[in-house]
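Per our numbering, the sequence shown runs over residues 4 to 488. Where a beta carbon is used, it is the ideal one built from N, C-alpha and C, also for glycine. This structure is a prediction, so every number in the text was calculated from the model and none was measured. Written out below as C-alpha cells is the structure these notes cover.
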Amino acid sequence: MSNRPGTSGLIFKEPQLWDKSSEGRCAVSIPRTDVERSELDKKYVGDAPDLPQLSELDVVRHYTRLSQWNFGVDSGMYPLGSCTMKYNPKTNEVQAARQGFAGAHPLSGEEFSQGALKLMYYLEKYLATITGFDAVSLQPAAGAHGELAGMLVIHAYHAKKGKQRSKIIIPDTAHGTNPASATLCGYQSINIKSGEKGILEPEAVAAVMDEETAGIMITNPNTLGLFEDNLKEIAGIVHEKGGLVYGDGANMNAIMGVVKPGEIGVDVLHLNLHKTFATPHGGGGPGSGPIAVTKELEPFLPIPRIEQEIDTYKLVTDCPDTVGRLHTFYGHFGVMIKAYSYILSMGAKGLKDVSTYAVLNANYVKESLKDTMNLPYDQPCMHECVFNDENQREFHITTMDMAKRLLDYGFHPPTVYFPLVVDGAFMVEPTETESKEYIDQFIDAVKAISKEAETDPDKLKKAPYLTKVTRLDEVTAARKPCLRG
Ligand SMILES: *Cc1c(COP(=O)(O)O)cnc(C)c1O
C-alpha cells in the first residue's frame, strides 16, 4: 500500500462518557464553594444533575478520539459527486469568527448593523454579477430551500399575470430535490428523458411545453456532470409559451467566470454557498441557497430586501408582490461572510480558475479511469464524471463493493447509485482543490481495486477491512437503526 493514504494506525475504542464515569473525578479545578446552600437553592435548583464524573484528561481523550473516527476533506480526498466537497480556505472561517461579526445580533437594529448589512448588500451584487442576473436574495437556508423560494417566485409571477399554471417540466438528469420543490408549490412534475448524449433535446421540451406549464427546472451542469448545450434554445421554447426557466445552480463551481446563466435564458437560479462559496458542505451545519432573478421577477423576491441609501443600508419590507419571508431575520449570516470573504480573496480571475481546475480535474479522472470502469456517456464532462460497474459485473463485483474497498485505500468513496439514469452509478467529483498527486493516488486505488475484482473477488465482497467497523448489513442498519452507539 505504498504511496496510498492508508487508514491503519492507532484508532481507539471509546465507550460512552457514562461508562467512563468514576465517583469523585472532576475536570474542573476551581475551588469548591464554601458557602452553605440556601433553602431557596435546594427548593428551586434541586440536586445536581446526574452527569458523568470525569477527569479533564478523560474528557479531552473522549472528544479527541471521537474526532479521529471522523473523515473530512481536511483528512483526505472526498470525491462525492453532486456534493462539491472541496477544501475551503481557513481564512474565510477566520473572517466569519471576527468579533464584530460573531457578536452581531439581528435584534440590535439597522443602525448598529451597518457593517453586516453592507456585506450582505455587496454579496448580493457580487453574486448577481457572477450569475448574470439583476437581483439576489440571500435568505434561503439551503439549496433545496432556494429551489422552493425560486418556485414560489415563479408561482407568484403566474398569479400576478392572472392565470396560474399546473405543471413543471423536469428532466431525468435534474437533482432529486427539484421535483420535491415543484410539488411543494403545488405543481405537477412532468418528467422528460434526456437524449442519447445525456443532455436535454429541444424537441423533447417542445413536445410537452404548453400554456398549462409554468416552466422548466434545469440542473446545469446536470447530474451526469454534463453541460446542457441546448439550454438557450430550450429557454426560447419555454418562454414562447409564457413559461419560465428555473436553473439549479448548485454546480456553479463548474462554470463560474465562464458562463452566466442569466445570459443564456435562465430566469431564476439558486446557488449553494455551502458548495461553491467556501462553506463546507455536509455535516448538517447551516447552509445558504441564495436565489438570483431577472429584473422582471425582482418584485417577487422574499423580504426583507436590502437597500442602499447613499452610505447607509436598510432592510425593506414594503414590497407588495413579495412571496413573503422564508427565514427568520435574513438567513444564515455566517455562511454569507465566508462567501463574501472567498469572493474577495479569489477575485474574478481566481473564481474562473476554480471552474477551470474543477473541470480539468474531472476530465483527468474520466480519461484516466475510462478503461477501468465503464463510462456510459463518453464525452467531455464538467466538474464530475459518472462511471458504472458494468466492467466488473462478470466477476460479480458491484459499485458498492468497489466503494467499500476504497475505504481501505484511504479514500472517502464517491457518490454511488446516483444519478438514477445510470445503473450502478459511481460518480466522482474531484473538485478544484485536489492536486494531481492526490488525484493520481485515487486513480491508482480504483485501478488496483478493479484488478482485485478479477483476482480476488471474494475478498472484495467483504471489504472494508481496515476501518473501525467493517461491512455493515445495510438492510438491517436501515430497518433497525442502533442509535445508541
Ligand atoms: C446539493 C444540490 C442541491 C440541494 O442543495 P441542499 O443545500 O443540499 O438542499 C440541489 N441541486 C443540486 C444539483 C445539488 O447538487
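Quick one: does the C-beta of residue i sit closer than 7 angstroms to a heavy atom of ligand 1?
i: alanine 365; result: no
i: asparagine 194; result: no
i: alanine 145; result: yes
i: glycine 260; result: no
i: serine 371; result: no
i: lysine 278; result: yes
i: alanine 253; result: yes
i: histidine 178; result: yes
i: asparagine 275; result: yes
i: threonine 186; result: no
i: threonine 315; result: no
i: threonine 134; result: no
i: glycine 413; result: no
i: glycine 265; result: no
Leaving out the 5 sequence neighbours to the left and right, which residues in its chain are closer than 7 angstroms to residue i when beta-carbon positions are compared?
i: alanine 448; result: Arg7, Leu409, Tyr412, Phe414
i: aspartate 213; result: Lys244
i: methionine 4; result: Because the pLDDT of methionine 4 is 46, which lies under 50, any placement of that residue in the model is unreliable, and the number read from its coordinates should be weighed accordingly. If we look at methionine 4 and ignore the five residues flanking it on each side, it has no Cβ neighbours.
i: serine 24; result: Pro55, Gln56, Leu57
i: glutamate 17; result: His65, Arg68, Leu69
i: cysteine 485; result: none
Below 8 angstroms between beta carbons: does that hold for residue i and residue j?
i: valine 271; j: leucine 247; result: yes
i: proline 143; j: glycine 149; result: yes
i: valine 357; j: asparagine 256; result: yes
i: alanine 428; j: asparagine 377; result: no
i: histidine 386; j: valine 362; result: yes
i: aspartate 131; j: lysine 341; result: Note on residue identity: the sequence assigns alanine, not aspartate, to residue 131. No, these two residues do not count as a Cβ contact at 8 angstroms.
i: valine 425; j: proline 383; result: no
i: valine 338; j: threonine 282; result: yes
i: valine 368; j: valine 431; result: yes
i: isoleucine 219; j: isoleucine 172; result: yes
i: histidine 399; j: proline 467; result: no
Helix, strand or coil, according to DSSP, for residue i in the structure here?
i: alanine 480; result: helix
i: valine 472; result: coil
i: alanine 527; result: Any property of residue 527 remains undetermined from this structure, which presents the chain solely from 4 to 488.
i: aspartate 490; result: Only positions 4 to 488 of the chain appear in the structure, and residue 490 is not among them; the question remains open.
i: valine 123; result: Per the sequence presented here, residue 123 reads as methionine, with valine not at that position. Correct three-state label for methionine 123: helix.
i: threonine 2; result: Here the chain has residues from 4 to 488 only, and residue 2 is not among them.
i: lysine 16; result: coil
i: threonine 36; result: coil
i: methionine 154; result: helix
i: threonine 315; result: strand
i: threonine 67; result: helix
i: histidine 415; result: coil
i: glutamate 310; result: strand
i: leucine 83; result: strand
i: serine 192; result: strand
Give every residue of the same chain whose Cβ lies closer than 8 angstroms to the Cβ of residue i, excluding the five residues on either side of it in the sequence, and list them in chain order.
i: proline 156; result: Checking the sequence, you will find valine at residue 156 rather than proline. Once the five neighbours on either side are set aside, the close Cβ partners of valine 156 are Val271, Ile294, Val296, Leu300, Phe303, Leu304, Val326.
i: glycine 103; result: Gly118
i: glycine 27; result: Gln56
i: valine 319; result: Ile306, Pro307, Arg308, Ile309, Glu310
i: isoleucine 452; result: Met405, Arg408, Leu409, Tyr412, Leu463
i: glutamine 71; result: Ile14, Phe15
For residue i, which residues from the same chain have a beta carbon less than 6 angstroms from its beta carbon, with the 5 sequence-adjacent residues on both sides left out?
i: histidine 158; result: Cys188
i: phenylalanine 332; result: Pro109
i: tyrosine 441; result: Met80
i: isoleucine 258; result: Ser358
i: proline 182; result: Ile173, Ser192
First and last residue of the alpha helix (DSSP H) that includes residue i?
i: glutamine 444; result: 439-458
i: phenylalanine 104; result: 102-105
i: aspartate 251; result: Where aspartate 251 is concerned, there is no enclosing alpha helix (DSSP H), although the beta strand (DSSP E) it sits in stretches over 247-251.
Hey, does residue i have any beta-carbon neighbour from chain B nearer than 8 angstroms?
i: proline 224; result: Given the protein chain composition of this structure (a single chain), no chain B is represented.
Could you tell me the boundaries of the beta strand (DSSP E) in which residue i lies?
i: lysine 170; result: 170-174
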